[in-house]
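Numbering-wise, the numbering used here comes out as the position in the sequence shown, counting from 1, plus 28.
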Amino acid sequence: MPIRLLGEKMSGRATQMCAICGVRLATTRDHVPPKAILVRPFPKNLITVPACVECNNGSAPMDSDFRVYLAAGVADNGVSANKLWKESSRATLRNNRKLLAKLSSTIGEAEIRTASGIELGRRTTYHWPAHVFNSVIERIVRGLYFHHYHEILGPRVMCTVGFRLSLPAELIAATSNWHQYNVGDALVYRFGRAVESPLNSLWILQFYGGLWASFETTPLFND
Ligand SMILES: [Zn+2]
């Protein structure tokens, strides 16, 4: 009996695996970054990648929470960021009392300093649940990796996500000559991967001119 391989043609059409999980067949296309964190008019260079139903639809509640936490932090950073807060996030909070209670119970103010001690001033702070941040950033990077390299990271990598209010000087220096991409005002990002080991990649993302995320992928095993 011949073994059926993934990627084999089925009913005359090439099969496509999900760019996000890499384990299920893609039957939809998912926006990268999620459309939930964009505002109208949508940027012309919207990115979509093939995705399975689970990865695409299953992430909607997480995207909506992510939007609220993001918008609460960047609302003053220009017209689009302000729209994200006023037009979509406030509506979400009105309809989701649980999320509103969660967010307001942790709001405070703190003196923010960089690791090297530079004062960034006083800022409103709130607790951003790690699982919301990490899972949305991971989906974005997996989508972008596929978009730029036409390869799926799938289950072969370990992902390390960093949440940053500012970018460390050494990271700025290390990535200063990397090409910078953007999706409207919502997302600016840079990335690179190791030539000999393409599953080793580093991503720097910034949302609405405020919040930074760093993301690293490391191969889980040698294949
Ligand atoms: Zn998937």
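Ideal placement from N, C-alpha and C gives every residue a C-beta, glycine not left out.
Since the model is a prediction, treat every value here as computed from it, not as a measurement.
Can you find a heavy atom of ligand 1 that lies under 7 Å from the Cβ of residue i?
i      : result
Ile48  : yes
Cys187 : no
Arg52  : yes
Ala88  : no
Ala79  : yes
Glu82  : yes
Taking just the CA atoms, how far does residue j sit from residue i?
i      : j      : result
Met186 : Asp91  : 22 Å
Gly238 : Ala99  : 10 Å
Val211 : Ile165 : 15 Å
His155 : Leu127 : 12 Å
Arg170 : Arg57  : 14 Å
His178 : Arg150 : 43 Å
Trp206 : Lys111 : 30 Å
Gln259 : Ile168 : Because the chain here runs from 29 to 251, residue 259 falls outside it and cannot be looked at.
Leu66  : Ser87  : 15 Å
Glu244 : Phe94  : 20 Å
Ser133 : Ser163 : 23 Å
Gly220 : Tyr236 : 22 Å
Phe249 : Thr76  : 29 Å
Ser39  : Pro89  : Interpretation of Ser39 is limited by its pLDDT of 48, a score under 50 that renders its predicted location unreliable; the figure taken from the coordinates is listed afterwards. Their Cα atoms are separated by approximately 34 Å.
In three-state terms, what does DSSP make of residue i?
i      : result
Thr246 : strand
Trp156 : coil
Ala214 : coil
Asp93  : helix
Leu195 : coil
His175 : helix
Cys49  : coil
Gln44  : coil
Met38  : In this prediction, Met38 scores a pLDDT of 46, lower than 50, which makes its location untrustworthy; no coordinate-derived value is stated.
Determine which residues share a DSSP beta bridge with residue i and list them.
i      : result
His59  : Thr76
Gln234 : Val216 and Trp240
Gly101 : BP columns for Gly101 are empty, so no partner.
>> Measuring CB atoms only, is the stretch 189-204 touching the stretch 220-235, in the sense that at least three cross pairs come out at less than 8 Å?
In response: Here the stretch 189-204 lies against the stretch 220-235, with 3 or more beta-carbon pairs under 8 Å apart.
>> Assess contact between the stretch 80-91 and the stretch 42-53, defined as three or more Cβ pairs (one per stretch) separated by less than 8 Å. Is contact present?
In response: yes
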